[in-house]
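Undergrad: Quick note: the sequence shown uses the numbering used here, first residue 33, plus one each step.
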Amino acid sequence: MNPVPGPLALRARSCTTGYRTRARDLARLEPQRAEVAYIIGGLYGNLEALDAIEELAARETAAGGPAPLLCFNGDFHWFDASPEWFAEIQRRVLVHRPCLGNVEMELADPQPGAGCGCNYPRSVPEDTVSRSDAIMARLQRLVHDHSLDVSVLRPLPRQLRVEVGPLRVGVVHGDPDNIAGWGLELAAMPPPGSLSATLETWFDEADVDVLASSHTCRCFAQAFPGSRAVFNNGAAGMPNFTGDHRIVITRIARRPPTLPAGSEVLYARDFGSITVSALALPWDRETFLRRFDRVWPAGSPAAQSYRQRIRRGPPHIREEAKRLAPSADQRILAKAAAISRR
Ligand SMILES: [Fe+2]
């Protein structure tokens, strides 16, 4: 899921028609109204990250605030390749507001030739694509061998519309045109201070102020002319920055968050009375790694693709993710780009 140069592979790059969505469908959805909303993309089966998110929600409520609406915008399954682990993720996520990611699509309704359904761009190396296909194949075997009920995933929505006060948010997994689209990846963004024709069409047709996504595993937020923004939370189930083990979620609310120790608002944007924030949360990584290592030992596809990221974080820095000023500091962006290429 980390875009780096490499040759074309076939399976997980396939983009099937079953994944197609439309921005204008977001305008027709019944809005989920809330005082506080969390957008939680890419939990990847991480129970310890889910503990941290639920503890934050409980803390907000205990402090006298409204109960947050938890929106899981896809890929809440991934590393949870044991029957008990998979069932617990499903049980704890489905009581909230989930929508489909490519992982849930391929579990509930496998698309011919889709592999993991990631729809990787050509820049992702073939061995990365193959390992993701192998992870998905193992999850599909698990579901089959243990008769796990994935029929409950099939009717989940493909998109969500969330409204917090006057702020309208279109929640997708990939981009408004495709569950596994890469159109809300950092590399697809126009220069700070400008708005691409594609983004303008998406905002107009979806009739939203903010688009919230994940899928690409690289978090950032960028503001655009006309008081619009994209918030991609990266991963709620893995570290997001070099040397920083915290997960990231997007929080939308009138009130500032009541944060536990070690948490932080990485960057935020005010839309009148509503603030959209990228929140970094600490979580119990050591307990997760013991669980991960039992299911994905050294040499397994998940260990090869993700263990180093879970230990050290990806090659990404906060300065590159924070693109909310009218014109970002080009020196910082150049430095960030150089670090990302390492
Ligand atoms: Fe995804």
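Think of the CB as a built atom: it goes at the ideal place given N, C-alpha and C, for glycine as much as any other residue.
Can you give me the C-alpha to C-alpha distance between V297 and A310, rounded to a whole angstrom?
TA: Locating residue 297 in the sequence shown gives position 265, counting from the first residue. Locating residue 310 in the sequence shown gives position 278, counting from the first residue. Taking the straight line from one Cα to the other gives about 6 angstroms.
Undergrad: Identify the continuous alpha helix (DSSP H) that holds S162 and give its terminal residues.
TA: Here residue 162 corresponds to residue number 130 of the sequence shown, with the count starting at 1. Here the alpha helix (DSSP H) through S162 covers E158 to D177.
Undergrad: Using 8 angstroms as the threshold, is the region 192-200 in touch with the region 210-221, meaning 3 or more CB pairs across them?
TA: Not touching, per the Cβ criterion.
Undergrad: Does the Cβ of V125 have 16 or more other Cβ atoms within 10 Å, making it buried, or fewer, making it exposed?
TA: Translated into positions along the sequence shown, residue 125 becomes position 93. When all chains shown are included, V125 counts as buried.
Undergrad: By how many angstroms is the C-alpha of E136 removed from the C-alpha of R129?
TA: Start at 1 with the first residue of the sequence shown, and residue 129 comes out as number 97. Start at 1 with the first residue of the sequence shown, and residue 136 comes out as number 104. Taking the straight line joining both Cα atoms gives about 14 angstroms.
Undergrad: What do you get for M33, buried or exposed, if any count of 16 or more other CB atoms within 10 angstroms of its CB means buried?
TA: The residue labelled residue 33 in the question sits at position 1 within the sequence shown. Low local confidence applies: a pLDDT of 45 at M33 is under 50, so the model's placement there is unreliable, with the coordinate-based value given in what follows. Buried.
Undergrad: Could you check the C-alpha separation between E67 and S305 for me, to the nearest Å?
TA: Translated into the one-based positions of the sequence shown, residue 67 becomes position 35. Translated into the one-based positions of the sequence shown, residue 305 becomes position 273. Distance between the alpha carbons of E67 and S305 is about 12 angstroms.
Undergrad: Looking only at its chain, what residues have a beta carbon closer than 8 angstroms to the beta carbon of Q64, apart from the 5 residues adjacent to it on each side?
TA: Residue 64 sits at position 32 when you count from the first residue of the sequence shown. L101, C103, R129, L192, R193, V194 and E195.
Undergrad: Does the beta carbon of D112 fall short of 6 angstroms from some heavy atom of ligand 1?
TA: The residue labelled residue 112 in the question sits at position 80 within the sequence shown. Checking every heavy atom of ligand 1 against the Cβ of D112, none is found closer than 6 angstroms.
Undergrad: So, with DSSP's three-state summary, where would you put R287?
TA: Taking the sequence shown and counting its residues from 1, the one referred to as residue 287 is at position 255. DSSP places R287 in coil when its eight states are reduced to three.
Undergrad: Helix, strand or coil for L356, going by three-state DSSP, please let me know.
TA: The sequence position of residue 356 within the sequence shown is 324, counting from 1. If DSSP states are grouped into helix, strand and coil, L356 belongs with coil.
Undergrad: How big is the Cα-Cα spacing for L139 and G50?
TA: Position 107 of the sequence shown holds residue 139. Position 18 of the sequence shown holds residue 50. If you take the alpha carbons of L139 and G50, they lie about 13 angstroms apart.
Undergrad: May I have a chain-ordered list of the alpha helix (DSSP H) segments no shorter than 4 residues that lie completely inside the region 87-140?
TA: List check, alpha helix (DSSP H) in window: 115-126 and 134-140.
Undergrad: Kindly examine ligand 1 and report whether one of its heavy atoms sits closer than 6 angstroms to the Cβ of D107.
TA: Numbered from 1 along the sequence shown, position 75 holds the residue referred to as residue 107. Checking the Cβ of D107 against ligand 1 gives yes.
Undergrad: With H, G and I counted as helix, E and B as strand and the rest as coil, what does DSSP make of V327?
TA: Numbered from 1 along the sequence shown, position 295 holds the residue referred to as residue 327. Three-state DSSP puts V327 in a helix.
Undergrad: Have a look at R301 and V308 and give me their C-alpha separation to the nearest angstrom.
TA: In the sequence shown, counting from the first residue as 1, residue 301 sits at position 269. In the sequence shown, counting from the first residue as 1, residue 308 sits at position 276. If I take the Cα positions, the gap works out to 5 angstroms.
Undergrad: Cutting at 8 angstroms between CB atoms, please list the residues of its own chain near F320, excluding the five before and the five after it.
TA: In the sequence shown, counting from the first residue as 1, residue 320 sits at position 288. Cβ neighbours of F320 beyond the five flanking positions: N78, L79, E80, A81 and I342.
Undergrad: Is the beta carbon of G74 less than 7 angstroms from the beta carbon of A268?
TA: Looking up residue 74 in the sequence shown gives position 42. Looking up residue 268 in the sequence shown gives position 236. Against a cut-off of 7 angstroms, the Cβ pair of A268 and G74 comes out as a contact.
Undergrad: Relative to the C-alpha of I167, which candidate in S179, V182, G147 and N151 has its C-alpha closest?
TA: What you label residue 167 is simply residue 135 of the sequence shown in a count that begins at 1. Looking at the Cα atoms, G147 is the closest of the given residues.
Undergrad: For S245, report the span of its alpha helix (DSSP H) as first-last.
TA: Looking up residue 245 in the sequence shown gives position 213. Note, S245: premise wrong, no alpha helix (DSSP H); beta strand (DSSP E) at V242 to S245.
Undergrad: I want to check one thing, is the minimum distance from the CB of G133 to the heavy atoms of ligand 1 below 6 angstroms?
TA: If you number the sequence shown from 1, residue 133 lands on position 101. Yes - ligand 1 has a heavy atom lying nearer than 6 angstroms to the Cβ of G133.
Undergrad: Less than 6 angstroms separating the Cβ of H247 from some heavy atom of ligand 1?
TA: Residue numbering aside, residue 247 sits at position 215 when the sequence shown is read from its first letter. Yes; taking the cut-off as 6 angstroms, the Cβ of H247 has a heavy atom of ligand 1 nearer than that.
Undergrad: Thinking C-alpha only, which one of V156, P289, R317 and P187 is nearest T248?
TA: Taking the first residue of the sequence shown as position 1, residue 248 is located at position 216. The residue with the shortest Cα to Cα distance from T248 is V156.
Undergrad: Pick helix, strand or coil for Q143, following the three-state DSSP scheme.
TA: Here residue 143 refers to the residue found at position 111 when the sequence shown is read from its first residue. Looking at Q143 - three-state DSSP - the assignment turns out to be coil, as it is neither helix nor strand.
Undergrad: With respect to the alpha helix (DSSP H) encompassing F263, which residues constitute its N-terminal and C-terminal limits?
TA: Indexing the sequence shown from 1 puts residue 263 at position 231. It is not in any alpha helix (DSSP H) - F263 instead sits in the beta strand (DSSP E) that spans R260 to N264.
Undergrad: What does a CB cutoff of less than 7 angstroms around Q336 pick up in its chain, not counting 5 residues either side in sequence?
TA: Counting from 1 along the sequence shown, the entry for residue 336 is found at position 304. Hits under 7 angstroms: R163.
Undergrad: Candidates E318, N272, D83 and P292: which alpha carbon is nearest E351's?
TA: Locating residue 351 in the sequence shown gives position 319, counting from the first residue. Among E318, N272, D83 and P292, the Cα nearest to that of E351 belongs to N272.
Undergrad: Specify the secondary structure class of E217 as computed by DSSP and reduced to three states.
TA: For the purposes of this step, residue 217 is identified with residue 185 of the sequence shown, where counting begins at 1. E217 falls in the coil class under three-state DSSP.
Undergrad: Can you tell me where the alpha helix (DSSP H) with I342 in it begins and where it stops?
TA: Start at 1 with the first residue of the sequence shown, and residue 342 comes out as number 310. It spans P333 to R344 - the alpha helix (DSSP H) in which I342 sits, taken as one unbroken run.
Undergrad: For E217, count neighbouring C-beta atoms within 10 Å of its own C-beta (all shown protein chains included) and say buried if the count is 16 or more, exposed if not.
TA: Reading the sequence shown from its first residue, position 185 is the one you call residue 217. Classification for E217: buried.
Undergrad: Just how far apart, CA to CA, sit P35 and P153?
TA: Here the question's residue 35 lines up with position 3 in the sequence shown. Here the question's residue 153 lines up with position 121 in the sequence shown. The pLDDT assigned to P35 is 39, lower than 50, so where the model puts this residue is not dependable; a value taken from the coordinates is nonetheless given after this. Near 7 angstroms, if we compare the C-alpha coordinates of P153 and P35.
Undergrad: Measure the CB-CB distance between I71 and V203 and report whether it falls below 7 angstroms.
TA: As a first step, residue 71 is located in the sequence shown; it is residue number 39 there, counting from the start. As a first step, residue 203 is located in the sequence shown; it is residue number 171 there, counting from the start. Yes; because the gap between Cβ atoms is below 7 angstroms, this pair is in contact.
Undergrad: Tell me the rounded alpha-carbon separation between A89 and N265.
TA: The residue given as residue 89 occupies position 57 in the sequence shown. The residue given as residue 265 occupies position 233 in the sequence shown. The straight-line gap from Cα to Cα measures roughly 17 angstroms.
Undergrad: Consult DSSP for A268 and reduce its assignment to one of helix, strand or coil.
TA: Against the sequence shown, residue 268 aligns to sequence position 236. Note: A268 maps to coil in three-state DSSP.
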